[in-house]
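S.K.: Residue numbers for the sequence shown follow our numbering, beginning at 723 and rising by one.
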Amino acid sequence: MSETPAPSELSAGQGRTAQIGLLLGPVLALVILALPIAGLAWEGRLVLALLVLMGTWWVTEAIPLAATALLPIIAIPLIGVEVTVGGRGQLVCATDGVCLQGFSEAPAFVRTLGLGDLGAYYSNPVVLLYIGGFLLGIAIERWGLSTRIAYGLVARGGARPGLMLAGFIAAAGFISMWISNTSTSLILTPLALSVAAGSAIGGREDPKFAAALVLAVAYAATVGGLATPIGTPPNGIALTQLRQQGVEVSFGQWMAIGVPVVLVLLPVAWVILSRGLKVDAKGAAGAQARVRDELAKLGPLSAPEARVAMIFFLIAGLWMISTLVADWIGAVLLDGGRIDGGHVDTIISTIGALLLFIVPAGGRERRPLLVWADAQKIPWGILLLFGGGLALAAAADLSGLSPWLAGGLTGLSDLHPAIVIFLIGLLVIIITEFASNIATISLMGPVLFSVASSNPSLGAASFIVPAAMAASMGFAMPVGSASNAIAYGTGKVRQADMIRRGLLMNLCALIVLTIVGMTLAPMVLGAG
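1) Indicate the three-state DSSP secondary structure (helix, strand or coil) for P1090 in the structure shown.
2) What are the boundary residues of the alpha helix (DSSP H) that includes A1189?
3) Tell me which residues share the same chain as P727 and place their Cβ nearer than 6 Å to its Cβ, disregarding the 5 neighbours each side in the sequence.
4) Whole angstroms is fine: what's the gap from L1232's alpha carbon to L948's?
5) Under three-state DSSP, which class holds R965?
6) Using the rule of at least 16 other Cβ atoms within 10 Å of the residue's Cβ for burial, across every protein chain shown, is S845 buried or exposed?
7) Whole angstroms are fine: how far does the CA of M886 sit from the CA of L1017?
8) Where does G1084 sit, in a helix, a strand or coil, going by DSSP?
9) Whose C-alpha, out of P1139, A1189, V1150, is nearest the C-alpha of M1240?
10) Give every residue of the same chain whose Cβ lies closer than 8 Å to the Cβ of F1185, excluding the five residues on either side of it in the sequence, and list them in chain order.
11) Quick check: what's the CA-CA separation for G855 versus A760?
12) In chain order, what residues of the same chain lie with their CB nearer than 6 Å to the CB of V990, ignoring the 5 residues before and after it?
13) Rounding to the nearest angstrom, what Cα-Cα distance links A1117 and K1214 in this structure?
14) To the nearest angstrom, how far is the alpha carbon of T950 from that of A894?
15) Could you tell me how far apart the beta carbons of D1219 and A933 are, in whole angstroms, since I believe they sit closer than 8 Å?
16) Look at the alpha carbon of G811 and the alpha carbon of R1222, and state the distance between them as a whole number of angstroms.
17) In the DSSP assignment, find the unbroken alpha helix (DSSP H) run with L794 in it and report its ends.
18) Drop a sphere of 10 angstroms on the beta-carbon of D839, count the other beta-carbons inside from all chains shown, and report buried for 16 or more, exposed for fewer.
19) Mark I862 as exposed unless 16 or more other C-beta atoms lie within 10 angstroms of its C-beta, in which case mark it buried.
20) Taking the straight line between their C-alpha atoms, what separation do you get for T1236 and G1248?
21) May I ask you to report which of helix, strand or coil DSSP gives R738?
22) Go ahead and pull the three-state DSSP assignment for T906.
23) My understanding is that S1203 touches G1196, with C-beta atoms under 8 Å, so please give their C-beta distance in whole angstroms.
24) For P982, report the span of its alpha helix (DSSP H) as first-last.
25) Go ahead and pull the three-state DSSP assignment for A1243.
26) Short check: CB of M1166 to CB of Y941, under 8 Å?
27) Return yes when the C-beta of W900 is under 7 Å from any heavy atom of the ligand NAP, and no when it is not.
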């Protein structure tokens, strides 16, 4: 599921970079305001200055990332972005995806973008979808179901080194679809270390095998998160960005794109990590015994685990057919009306969350599956980042900044779209190797809108989906993701090896995402 940032990702950095960024952000914003910018209205320049300020603070982590995401609440109402809206209860779309509601009886009038409008971005349906997804992930972890699934998959991988590596990759990839990448790594990395120790002959473990196992967990946890909308926050941000462009994406539609990407990249990770692995037969048997011992310690399936599993399968199944559910609701409950499949995903997510608070845990537990103390573990800062990024992108669109950027990017229309997608992905990967993936894709929103409008032959999904997935592709550096940091922190992986293998993974991922942008994304979500 979502990438839970390392503590430093949501807290202010205390190093020199953070201190420099704290001062550099306002300075760059003032420079933007002082420079003569042809063709951009004053409101657009103010939004551009806000974009630069937020981008600088996000990249340098000058203050907590979630705190930076609150800036639009202060700045945008003061900028005075004018919008034309309809009368009371009527929606007028200033662009394909930015719609505002009127609060006057007048047929149409002009007002400025206010706090009421901004609040809608911070409580976007995707934000509510993530709340339900987070609670489901918390329940899966709380009762140990994720550990049981992970250990079970690894135990079935086989005793040979390559098969054992494949077991870890499959386990991390599947678990990460539903719970945090970081939690997935924290569950499986100790098992990987135990397996590596169990393969030791004469007290010496194979360093290549140990490094391959911990990197397999890190890389597969990162890749697995691409499969579902709740798999990692950049996916959710992409959903909201697509909705701002008038493209509604259901849970099942995202999986139709994400699952094939995962099914390609997980074997790629196996090929990259399995080269040169040689473990003695006796050592391999010892490693397999360690896995089976750990699985046996879990005992039989408990009542809480079984009940969480039933709710999980119910909610996941409904998510996958949410478009059909939406059609049924429209035909039966709304008398032929229509409800969007993406909004149905949020309703399903909320139903799952409520069930977790209602269904008794069973067994000896005299409590429901979740209590409110569990809900307090939700990473609320990530949800604020969603809202801040959406508000910034909407202000850029309504102030004329996005159309102005699109005019400056018209030269990209001369390039083949595949080259544009590849270059955007490359830029995003470079940034995300050193900065938060959530901040990276939020910052890229206005740019992606502009690129999409300058390439009319493909839809917005062809650029936004690959860019969002690229934001999770920090394979090369220990700071690229929390999973990488966990792997590097074991002491089993040399930084040079992580960079070498990670760059190869990045290249393969870029190629796959470019193909997805040209084929699968427009096929599933529409082109043009």
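Where a beta carbon is used, it is the ideal one built from N, C-alpha and C, also for glycine.
M.R.: In terms of the structure at hand:
1) strand
2) 1183 to 1192
3) Low per-residue confidence applies at P727: pLDDT is 47, beneath 50, and the placement is therefore not dependable enough to give any value.
4) 14 Å
5) helix
6) exposed
7) 15 Å
8) strand
9) P1139
10) V1142, I1143, I1146, L1170, V1173, A1174, N1177, G1239
11) 45 Å
12) C1230
13) 46 Å
14) 14 Å
15) 6 Å
16) Because G811 carries a pLDDT of 41, less than 50, the predicted location of this residue cannot be relied on, and the following value inherits that uncertainty. Cα-Cα distance, rounded: 57 Å.
17) Note on identity: in this sequence residue 794 is Pro, with Leu being the wrong assignment. Looking at the DSSP string, the run of the alpha helix (DSSP H) that includes P794 is 793 to 801.
18) buried
19) buried
20) 16 Å
21) helix
22) helix
23) 5 Å
24) 973 to 996
25) helix
26) no
27) By its list of ligands, the structure shown contains no ligand whatsoever, and the ligand NAP lies outside what it can speak to.
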